[in-house]
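Student: Structure provided below as structure tokens; questions to follow.
Numbering (my numbering), first residue to last: 224 to 723.
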């Protein structure tokens, strides 16, 4: 096994197994200083290896070569979309563009064997009709061949299929099989009662099984077409998303907005709600901490409608959904998140507004342990107790609220989030928006999907009002639904100054 540092990326070390190992695989180790030398024993041999990672042979197959996973800045903008905008007005077909590669199981697809009905429901209408018609025809032909074989096996026995010493033809057998399957104008081809004769028991069994197959196929076709006609997965195309998302700074806080509206507004959707996710490819492929599990999608907390109440929507009215780009937001850069003086998430999906409203206390006083929601309240606490402690002459300054070393500058100042920070961080991001609701007519649940890349986001401005009333009626102007009102001259000057 040899270890060499890559000249393209100083933070990437390539580990190559040789000398009798099975295969020759290259393992990319991300986030390890190439100058560090750490020894590890493997098969009684000493090798260099990165820290915090045991390179066991059984784990080698789980790693991919650095050419497969390395994601450099020059190709971040060419990342394909997860949600493609393949419908008019920049909408999507509610499909996730993810394909499978190198399946775990060889041979017949195990998913088809275990969930064939739902897979058939997702077939196109033309293909499903052609497949079912073919299966129905094959069933008729199969029993036609059985009838012909039975009649030819013993020409002396007259069971009504053919005449004595004159077996039934294939055309007549097919017609009899079709007649038996559809039970229309039923009668034996030879117009006799041979079907009821004791020596025609085999024919009775064959007709019985064809009747059973016909009954089961009719039940399946009824259930299949009812489920297909009543499915709600295409109902999401009537849920309209704004073409662009807007990022603006309001009261010192950065917000991202998108607009949503159900065009079938006369029948309001039941229990409609929304969710937001951020697909971050750069963070997914280059984890700096090897103890963090790779997670492509990161949940984005929703400010309006409040996700603590389920982020409920009334989609019959155009609604603006808002996400606060705070220290916990995946849209914010990592250095903003680390220096924002907020409580560590520890894997939880938090939001900073809960601290601002004192719904959660995350800033702790290092002296007395008192917890506060915001840094400003903590400063007030320290200042107040400092005045009280200064009046006590016997109190030791060190370790008290009067100690000037208690709060360092990095603990009392948060880095400012700018538009340039957000733009640079959005290069590899795709913000996925999901609206989930129940269709009131047949009570079917469906989802509507939309996504926004860096090119789909405008900085500054607001959505144009698209509702009006006239002559006692309320209207939604669809021409204004996607329209964005440019910010005022003062706001434009603010954004230009910030960007420069």
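For each residue, glycine too, the CB sits at the ideal point set by N, CA and C.
Spell out a yes or no on whether the stretch 457-468 and the stretch 663-676 are touching, meaning 3 or more CB-CB pairs, one atom from each, closer than 8 Å.
Tutor: Verdict: yes, contact present.
Student: Enumerate, from N- to C-terminal direction, the unbroken beta strand (DSSP E) stretches of 3 or more residues contained entirely within the stretch 440-524.
Tutor: With a minimum length of 3 residues, the continuous beta strand (DSSP E) runs that stay inside the stretch 440-524 are 462-464, 468-473, 476-485, 493-503 and 520-523.
Student: For the alpha helix (DSSP H) that residue 660 lies in, which residues bound it at each end?
Tutor: In the chain shown, counting from the first residue as 1, residue 660 sits at position 437. Here residue 660 belongs to no alpha helix (DSSP H); instead the beta strand (DSSP E) covers 652-662.
Student: Going by beta carbon distance, what residues of the same chain come within less than 8 Å of residue 613, once the five residues before and after it are set aside?
Tutor: Position 390 of the chain shown, counted from the start, is the residue given in the question as residue 613. Same-chain partners within the cutoff: 625.
Student: To the nearest angstrom, how far is it from the Cα of residue 434 to the Cα of residue 400?
Tutor: Indexing the chain shown from 1 puts residue 434 at position 211. Indexing the chain shown from 1 puts residue 400 at position 177. For residue 434 and residue 400, the distance between alpha carbons rounds to 10 Å.
Student: Can you tell me whether residue 424 is helix, strand or coil according to DSSP?
Tutor: In the chain shown, counting from the first residue as 1, residue 424 sits at position 201. Three-state DSSP puts residue 424 in a helix.
Student: Terminal residues of the continuous beta strand (DSSP E) containing residue 691?
Tutor: As a first step, residue 691 is located in the chain shown; it is residue number 468 there, counting from the start. Segment 690-693, the beta strand (DSSP E) holding residue 691.
Student: Could you name the residues of the same chain whose beta carbon sits closer than 8 Å to that of residue 647, not counting the 5 residues immediately before and after it, in chain order?
Tutor: Reading the chain shown from its first residue, position 424 is the one you call residue 647. So the list reads 556, once near-sequence residues are dropped.
Student: Can you give the Cα-Cα distance for residue 447 and residue 344, rounded to whole angstroms?
Tutor: One-based indexing of the chain shown puts residue 447 at position 224. One-based indexing of the chain shown puts residue 344 at position 121. Computed Cα separation, rounded: 7 Å.
Student: So for residue 708, helix, strand or coil by DSSP?
Tutor: As a first step, residue 708 must be located in the chain shown, where it is residue number 485. If DSSP states are grouped into helix, strand and coil, residue 708 belongs with the strands.
Student: Taking the alpha-carbon positions, what's the residue 603 to residue 320 distance?
Tutor: Position 380 of the chain shown, counted from the first residue, corresponds to residue 603. Position 97 of the chain shown, counted from the first residue, corresponds to residue 320. Distance between the alpha carbons of residue 603 and residue 320 is about 51 Å.
Student: Measure the Cβ-Cβ separation of residue 650 and residue 484 and say whether it is below 8 Å.
Tutor: Indexing the chain shown from 1 puts residue 650 at position 427. Indexing the chain shown from 1 puts residue 484 at position 261. No, these two residues do not count as a Cβ contact at 8 Å.
Student: With a cut-off of 8 Å on the beta carbons, I'd call residue 644 and residue 559 a contact; round off their distance for me.
Tutor: Taking the first residue of the chain shown as 1, we reach residue 644 at position 421. Taking the first residue of the chain shown as 1, we reach residue 559 at position 336. That pair is a contact at about 7 Å.
Student: From the DSSP output, read off the bridge partner residues of residue 391.
Tutor: Along the chain shown, read from residue 1 onward, the residue named residue 391 stands at position 168. The partner list for residue 391 (beta bridge, DSSP) is empty, contrary to what the question assumes.
Student: If you reduce the DSSP assignment to three classes, tell me which class residue 430 lands in.
Tutor: Along the chain shown, one-based indexing puts residue 430 at 207. If DSSP states are grouped into helix, strand and coil, residue 430 belongs with the helices.
Student: What residue range does the beta strand (DSSP E) around residue 681 cover?
Tutor: One-based indexing of the chain shown puts residue 681 at position 458. 680-682 is the span of the beta strand (DSSP E), which, as asked, contains residue 681.
Student: With distance defined between alpha-carbon atoms, name the residue in 687, 710 and 693 nearest to residue 703.
Tutor: In the chain shown, the residue the question calls residue 703 occupies position 480. Cα-wise, what sits closest to residue 703 is 687.
Student: Nearest to residue 527 by CA position, among 422, 548 and 520, is which residue?
Tutor: Position 304 of the chain shown, counted from the first residue, corresponds to residue 527. Ranking 422, 548 and 520 by Cα distance to residue 527 puts 548 first.
Student: Taking its Cβ as the centre, do 16 or more other Cβ atoms sit within 10 Å of residue 260, making it buried, or is it exposed?
Tutor: Position 37 of the chain shown, counting from 1, holds the residue named residue 260. With a pLDDT of 34 at residue 260, under the threshold of 50, the predicted position of this residue should be treated as unreliable, though the coordinate-derived value follows. With fewer than 16 Cβ atoms within 10 Å of its Cβ, residue 260 is classed as exposed.
Student: In whole angstroms, what separates the C-alpha of residue 534 from that of residue 497?
Tutor: By one-based count along the chain shown, residue 534 stands at place 311. By one-based count along the chain shown, residue 497 stands at place 274. The straight-line gap from Cα to Cα measures roughly 6 Å.
Student: For residue 538, I'd like the list of residues in its chain whose CB is within less than 6 Å of its CB, leaving aside the five on either flank, ordered along the chain.
Tutor: In the chain shown, the residue the question calls residue 538 occupies position 315. Cβ within range, chain order: 485, 492 and 495.
Student: Closer than 7 Å by C-beta to residue 681: which residues in its own chain qualify, once you throw out the five before and the five after it? Chain order, please.
Tutor: Within the chain shown, the letter at position 458 stands for residue 681. Around residue 681: 467, 469 and 707.
Student: 8 Å is my cut-off, CB to CB: does residue 570 come that close to chain D?
Tutor: Among the protein chains of the structure shown there is no chain D, as only one such chain exists.
Student: When the Cα atoms are used, what is the spatial distance from residue 615 to residue 609?
Tutor: Here residue 615 refers to the residue found at position 392 of the chain shown. Here residue 609 refers to the residue found at position 386 of the chain shown. When rounded, the distance between both Cα atoms is 10 Å.
Student: Label residue 403 either buried or exposed according to how many other C-beta atoms from any shown protein chain fall within 10 Å of its C-beta, with 16 as the threshold for buried.
Tutor: For the purposes of this step, residue 403 is taken as the residue at position 180 of the chain shown. Residue 403 comes out buried.
Student: Going by the DSSP bridge assignment, what does residue 306 pair with across the sheet?
Tutor: Walking along the chain shown from the start, residue 306 turns up at place 83. Bridge partners of residue 306: 319.
Student: If you run the structure through DSSP and keep just helix, strand and coil, what is residue 582?
Tutor: Here residue 582 corresponds to residue number 359 of the chain shown, with the count starting at 1. If DSSP states are grouped into helix, strand and coil, residue 582 belongs with coil.
Student: What does DSSP give as the partner residue(s) for residue 669 in the beta ladder?
Tutor: The count along the chain shown starts at 1 and reaches residue 669 at position 446. Paired residue(s): 660.
Student: Give me the DSSP bridge partner(s) of residue 376.
Tutor: Taking the first residue of the chain shown as 1, we reach residue 376 at position 153. DSSP lists no partner for residue 376.
Student: For a quick check, are the C-beta atoms of residue 551 and residue 520 less than 8 Å apart?
Tutor: Position 328 of the chain shown holds residue 551. Position 297 of the chain shown holds residue 520. The answer is no: Cβ separation not under 8 Å.
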